[in-house]
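The structure under discussion appears below in the form of structure tokens.
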Amino acid sequence: MPFINDEPNLIAMARQANANHTLAVMGLLGTHGIHYGPLPAWIYQGLLLATGGHLLALVSLRAAIFMLATAAALVDIAKSAGLWKWFVPIILAGPYLWLYGRIPWDNTFCLPLGAILITAHLRLLGKPGPIAAMLWGAAIIGLILTHFMVLPLVLPVLGHIVLFRPKVLRRYAAIFILLVLLGIILPLPYWISLFAQLRAGGIAGCDHGRQGWWFPLLSGRLLGGTGLQLFAGQGWARHIHPIVPIIASVSAAMFALVWLGIIRALATPKTAISLLCLTGFALQIILHGLLHVYGLPHYYCGTWIITVLLAWLGADALSRHIAGRALVIAAGSSAAIVTCVLAIFLHLHAGSRTLGYGPNLAEQLNIARQMNRLAPADVPVQSDVETIQQFPQALQLLRQMDRTVRAGQNDVGGFRVDYRDDDPFDAHLRLEVVSLVTHQ
């Protein structure tokens, strides 16, 4: 799994907060000039305590919880909404879900939280109960305290309950009030800081491109197996075998499933799923268009569940016919094959040479341990590896968290970390020791 920039920054925040015996005040600084919520850092504070600070155990536990929570929520959505249940394994087998389940970012938490919110919402619409009410309220607060890209999901859900199920709000008012108070009081320093940031400079724009207005139409990318060069490198699939990109192209049918779902939702706008999807999709267009947010696949994370539901509506319609069911299964099988091939590729090559993935965590840990056996943590490091050049904090944090006994040899003036060979797809690293005389 990758460990480049946001990942070590979040873990470092959590470690520092634990060392201070307090909760982290805020999350990462976003591209629009404001800090996101502290919930991801809080989660990593808990995982650090649960795993004793062992990083590999932490990310493994995080990945397991991520996938189990997402799978359980999707299964419950299928039951509550009466949608085609065999679309669940198709969703779970996709490469983007596999990647985001393993990358310890902040906005990837929006995937399981969004799925939990929808299943709790459907429960409140059908057979409301206190557990569903607690999950519903906690998911909304959790999403907001994770990333603001969730607003196109949260606002329609809130509006739907207020307009169509006000009795639910009254019945479980005590639960909702308690959760709101917790969502205000626990992260109160964050809210104060956020409002100060907004008063000082507002939300900074990224650029003036227009692609954000149609960016949501391409959200089917997150369910298929295309566009993965961001992680594995340009031409990675063809490098393995010419048939791999052909297989991946079959999964592009996920784009069509989303578009078909939009059409089906427009045909039945009064159903809860259709109404939530249509309003959420419209808000996505407005948000991405006005803020000029587009291009990178993780920009879909906040509304991933809307993309899933739209594709599910399309798949549900096709599943009633043999030919349509075969098309959906073929697209899902293609994505699953790409997931397996990608996992093997990244494992054999110790990650990739891209800024979207880089040398994987295990490879960087190996280098950090070698360094710690030879010299103190303050010995300088030189590197032509792009991820290490731009984000040296990853290797620094790994050295701090590694428990290898430091030998502290006096003749080590520095280290040099480079790729071990010229293969553009190989991310294995090589460590060289610079003697004190040579370094000076």
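Residue numbering for the sequence shown follows the numbering used here, starting at 1443 and increasing by one per position. Backbone N, C-alpha and C fix where the C-beta goes; we use that ideal spot for every residue, glycine too. A quick note: this is a predicted structure, and the numbers were derived from the prediction, not measured.
| Item | Value |
| --- | --- |
| Cβ-based burial, Gly1494 [other Cβ within 10 Å; buried from 16] | exposed |
| 8 Å Cβ cutoff met for Pro1594 and Leu1729 | yes |
| Reduced DSSP secondary structure (H/G/I, E/B, other) of Phe1867 | coil |
| Complete beta strand (DSSP E) runs within the region 1770-1804 (minimum length 3 residues, chain order) | none |
| Under the three-state DSSP convention, the category Gln1835 falls into | helix |
| 4-residue-minimum alpha helix (DSSP H) runs that sit fully inside the region 1505-1564, ordered along the chain | 1529-1534 and 1537-1544 |
| Pick from Pro1546, Leu1784 and Phe1551 that is closest to Gly1675, judged by C-alpha positions | Leu1784 |
| Opening and closing residue of the beta strand (DSSP E) in which Gly1856 lies | Val1854 to Tyr1861 |
| Bounding residues of the beta strand (DSSP E) (the contiguous stretch that carries Ser1825) | Val1823 to Ser1825 |
| Proximity below 8 Å, CB of Ala1698 to CB of Pro1687 | no |
| First and last residue of the uninterrupted alpha helix (DSSP H) at Arg1845 | Here Arg1845 belongs to no alpha helix (DSSP H), and DSSP marks it neither H nor E. |
| 7 Å Cβ shell around Arg1762 - same chain, five flanking residues per side excluded | none |
| Simplified DSSP state of Arg1841, which is helix, strand or coil | helix |
| Exposed unless 16 or more other CB atoms sit within 10 angstroms - verdict on Leu1755 | buried |
| Inter-residue Cα distance where the pair is Arg1872 and Trp1746 | 38 Å |
| N-terminal and C-terminal residue of the alpha helix (DSSP H) that Trp1655 is part of | Element bounds for Trp1655: n/a, residue is neither H nor E. |
| For Glu1874, the residue or residues it bridges with in DSSP | Arg1858 |
| Buried versus exposed call for Leu1553 [16 or more other C-beta atoms within 10 Å across all chains shown] | buried |
| Close Cβ partners of Gln1458 (< 7 Å) along its chain, the five nearest in sequence each way excluded | none |
| Contact under 8 Å by Cβ, Trp1547 with Leu1559 | no |
| The alpha helix (DSSP H) enclosing Pro1818, as first and last residue numbers | Where Pro1818 is concerned, there is no enclosing alpha helix (DSSP H), given that its DSSP letter is neither H nor E. |
| Candidates Leu1587, Met1443 and Leu1564, of which the one nearest Trp1484 by Cα | Leu1587 |
| For His1763, three-class secondary structure by DSSP | coil |
| Trp1656 burial status per 10 Å Cβ neighbour count (16 or more: buried) | exposed |
| Cα-Cα separation, Leu1539 to Pro1818 | 39 Å |
| 6 Å CB neighbourhood of Asp1758 in its chain, flanking five on each side removed | Leu1525 and Trp1526 |
| Through-space distance from Asp1820 to Gln1832, alpha-carbon basis | 18 Å |
| Alpha carbon of Met1591 to alpha carbon of Cys1743, nearest angstrom | 8 Å |
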